[in-house]
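Chemist:
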Amino acid sequence: MDNGLLELPRSEHIINTLDAQPIIDAVSSQLTFIIQVPGTINFQDNPTERFQKITAQDDDCFRLKDAIF
342 MDNGLLELPR SEHIINTLDA QPIIDAVSSQ LTFIIQVPGT INFQDNPTER
392 FQKITAQDDD CFRLKDAIF
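For the sequence shown, the numbering used here gives the first residue as 342, with consecutive numbering after it.
1. In three-state terms, what does DSSP make of residue 383?
2. Using alpha carbons as the reference points, say which of 396, 383, 391 and 392 lies closest to residue 349.
3. Does the distance from the C-beta atom of residue 395 to that of residue 377 stay below 7 Å?
4. In this structure, what does DSSP give as the bridge partners for residue 391?
5. What separation, rounded to the nearest whole angstrom, lies between the Cα atoms of residue 380 and residue 389?
Put into C-alpha cells, the structure is as follows:
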C-alpha cells in the first residue's frame with residue numbers, strides 16, 4: 342500500500358467555504374450535523390477541477406452522503 346500512495350499524482354486542495362448545520366431529530370433524536378465543503382482540486386499536470394462534499398456527522402460516526410465532481 343505504501344508504494345501505491347507514493348505513485349499517486351501530486352495534488353493541491355483549496356477549500357472555498359465550510360458550512361455545518363444541525364439537523365434536529367434526523368436520526369432517532371440524536372444530534373446530527375450536515376457538513377458541506379466546496380472547493381477546487383488540482384492534480385499535477387491537469388486542469389483545476391471543482392468539488393463538493395456533503396457529509397452527515399452523528400455522535401459516533403462519519404458518513405459520506407454525496408460527492409460531486
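A virtual CB, placed ideally from N, CA and C, is assigned to each residue, including glycine.
Modeler: Let me lay it out:
1. strand
2. 383
3. yes
4. 381
5. 10 Å
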